[in-house]
Amino acid sequence: MALCLSSCSALFRRKVLISPHVERAGLMEVSLKATGRRPAGARHFSKTWKQSQNQDQKQTSSRRSTFGSRLRFALRNTKVEWYPIPVGLGIGLLGLLQFYKAQRAERERAEREAAGEPFDFQNASARPKHRLSGPWQVQIMSTLPLKAMSRLWGRFNEIELPYYFRVPGFKLYSWIFGVNLDEVAEPDLHTYPNLAAFFYRQLKPGVRPLDPDTRAIISPSDGRILQFGLIERGEVEQVKGVTYSLDALLGSATPTHADHTKTFTDHQTEPTQKNEAKMLADEEFAEMNGISYTLPTLLAGEPGGARKRSASMDASTTSKVDAEEEVKADLARGDGTPWYAPKAAANHALYYVVIYLAPGDYHRFHSPVPWVVESRRHFAGELFSVSPYLQRHLPGLFTLNERVALLGRWRWGFFSYTPVGATNVGSIKVNFDAELRTNSLTTDTAADKAAAEAAARGEQYPGFVEATYRHASRTLGGHPLQRGEEMGGFQLGSSIVLVFEAPMGTRKSFDAGWEEGKREGGWNWTIEKGQRIKMGEKIGYVDIQN
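For the sequence shown, position 406 (counting from the first letter as 1) is numbered 406 according to the UniProt record's numbering, and the numbering increases by one without interruption.
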């Protein structure tokens, strides 16, 4: 009892010494400690109050810190999130960068020329690119590094696929692009190590029979007929209303013959009996196929005619004896007029046909007629897509792309066979030309150097590098090809342009362009625009009995 009174008196004395406001706070604190409760107003907001207090402290400290420290803090503690951009925007950005680089290189070249600096042939600058006209999509595409992209795609195609991935991968590709696997010569898809090998697949014998009409020109490959018709005023129609020059496609300079090199001196050291047998086989081949081989101007051309160029490279390889016999016999029935020094042939005309190979088509191409390939011209051009959109909006598409023009003659005169490259399809293979390299950085550099040397001489660069096949057959002066013989192929798909001379014949109607009319004694088409066609099927024929 005494203890309680003593405690109360002490508490009373303390209360007298403090103010009423402090007294209430102290009593509240004592009460909270004794009961363990919190005030009703502060119970639910105490955590929020502490967080706001911490944020105030951080803000105060950040105001005191430097900008660099705050930036480092933000970079360390901010989560990085990636957002996709439209594909068109990315392509446009790449195009603008490439355009800027091209403009800068052109300015530097002009400055060097103005300063009179000597040209460095070891580091020859690239050939000037064509300035394309058309929609902005076409102009941006022209600035993209399409050839480098195609080379990269070629490297990707050559990557060896895992063994167990090949069958499902090739079947998926076949389902997407409509490949008929029943026609493939090798049914076991495991044998194709990569995409490039599958693209260049062979077919079973007999799945592409040749048309029995010997008067006909057969399709050189599988594909779709893009355009065909008569060449008027030296113009080839790309699509309706869009044309390009035949000289731009094949080149306009008169071909020259390669010098005799040590590579081919063995012709004179062969046994006489073997030479005679080969020449007899060549003569028989020409006689059977109507190819003339007796005129001295057939190989030499007209003296003092068109302008001459430097000697061509010799890319001849040994030809087949049976091919020489067939082609020689077919050519013997013609008039023997050389294609590069043409004389006006009565009632003759030039015709053309363009065949597009889709990614799912058979990618090897064959000879459409018995003929002799005399020379090859490699145009190291661009690699634009040959899609219908670009054909409508990009004039001269086939004259801009990289291509290999094989020039020669058949029974009725001039004959050319031009495989054209496209985006991701720059690799063109010709079986009888071991020197040909397409979509290659080496050939592009050689073309740049040749263009620079021509400019230094004050001459115009013809745009191509020429090789001759005259040593393949001493009698025919070129490489003979049989009808349907495999010539080469593409990696993926592209286009083939045939330009050939044939008789026009006589018309049944007054209008020579009457589509449904048949021209007696002349060339007649058997195809339609947009038609799907297989290798070996007839595209037209000459209405003259053999």
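For every residue, glycine included, the Cβ atom is placed at its ideal position computed from N, Cα and C.
| query | result |
| --- | --- |
| Inter-residue Cα distance where the pair is GLY413 and ALA456 | 37 Å |
| Exposure of PRO86, with buried meaning 16 or more beta-carbon neighbours within 10 Å | exposed |
| Span separating the alpha-carbon of GLY154 from that of GLN545 | 47 Å |
| Touch test, the region 371-379 against the region 461-476, Cβ-Cβ under 8 Å, three pairs minimum | yes |
| LEU71 to VAL404 span [Cα, whole Å] | 59 Å |
| Status (buried if at least 16 other CB within 10 Å, exposed otherwise) for LEU89 | exposed |
| Beta-ladder partner(s) of PRO480, from DSSP | VAL372 |
| Closest residue to SER494 among GLY478, ARG364, THR506 (Cα-Cα distance) | ARG364 |
| Buried or exposed by the 16-neighbour rule on C-beta atoms within 10 Å, applied to ASP222 | buried |
| Sequence-distant residues of the same chain with beta carbon closer than 7 Å to LEU195, five excluded per side | ASN157 |
| Member of GLU528, ASP361, PRO462, PHE99 whose CA lies at the smallest distance from the CA of TRP175 | ASP361 |
| Expected contact under 8 Å - CB spacing of ILE527 and PHE228 to nearest Å | 6 Å |
| GLU501 burial status per 10 Å Cβ neighbour count (16 or more: buried) | buried |
| Residue range of the beta strand (DSSP E) that includes GLY169 | Segment 163-177 is the alpha helix (DSSP H) holding GLY169; no beta strand (DSSP E) there. |
| Cβ-based burial, GLY159 [other Cβ within 10 Å; buried from 16] | According to the sequence shown, residue 159 is Ile rather than Gly. Looking at its Cβ environment, which holds fewer than 16 other Cβ atoms inside 10 Å, ILE159 is exposed. |
| Inter-residue Cα distance where the pair is ALA115 and ALA197 | 51 Å |
| Contacting residues, own chain, Cβ-Cβ under 8 Å from LEU210 (five flanking each side not counted) | ILE218, ARG483, GLY484, GLY536 |
| Selection from ARG208, ILE225, HIS190 that minimises the alpha carbon distance to TYR164 | HIS190 |
| Per-residue burial, THR418 [other beta carbons within 10 Å of its own, 16 or more giving buried] | buried |
| Beta-carbon contacts of MET504 that lie in its chain and below 6 Å, excluding the five residues immediately before and after | ASN347, ALA349, GLY522 |
| Element boundaries [alpha helix (DSSP H), containing SER457] | Rather than Ser, the amino acid found at residue 457 in this sequence is Arg. Looking at the DSSP string, ARG457 is not in any alpha helix (DSSP H), and its letter there is neither H nor E. |
| Residue(s) in a DSSP beta bridge with SER495 | TYR356, VAL420 |
| Identity of the residue in ARG208, ARG104, LEU407 nearest GLY251 by Cα | LEU407 |
| Inter-residue spacing [alpha-carbon to alpha-carbon] between ASN431 and GLU106 | 39 Å |
| Three-state secondary structure (DSSP) of LEU407 | strand |
| Sequence-distant residues of its chain with Cβ nearer than 8 Å to VAL184 (five each side left out) | ARG201, GLN202, LEU203, LYS204 |
| Alpha carbon of ASN401 to alpha carbon of LEU146, nearest angstrom | 11 Å |
| Outcome for PRO212 when other beta-carbon atoms lying within 10 angstroms are tallied against a minimum of 16 | exposed |
| Backbone CA spacing between ALA216 and PRO162 [nearest angstrom] | 45 Å |
| Expected contact under 8 Å - CB spacing of ILE225 and LYS538 to nearest Å | Actually they are not in contact, since the Cβ atoms of ILE225 and LYS538 sit about 12 Å apart, beyond 8 Å. |
| TRP410 to HIS479 span [Cα, whole Å] | 12 Å |
| Which of helix, strand or coil DSSP assigns to LYS101 | helix |
| ARG76 - containing alpha helix (DSSP H), residue span | 67-77 |
| Straight-line gap, LEU94 to ARG151 (C-alpha atoms, nearest Å) | 18 Å |
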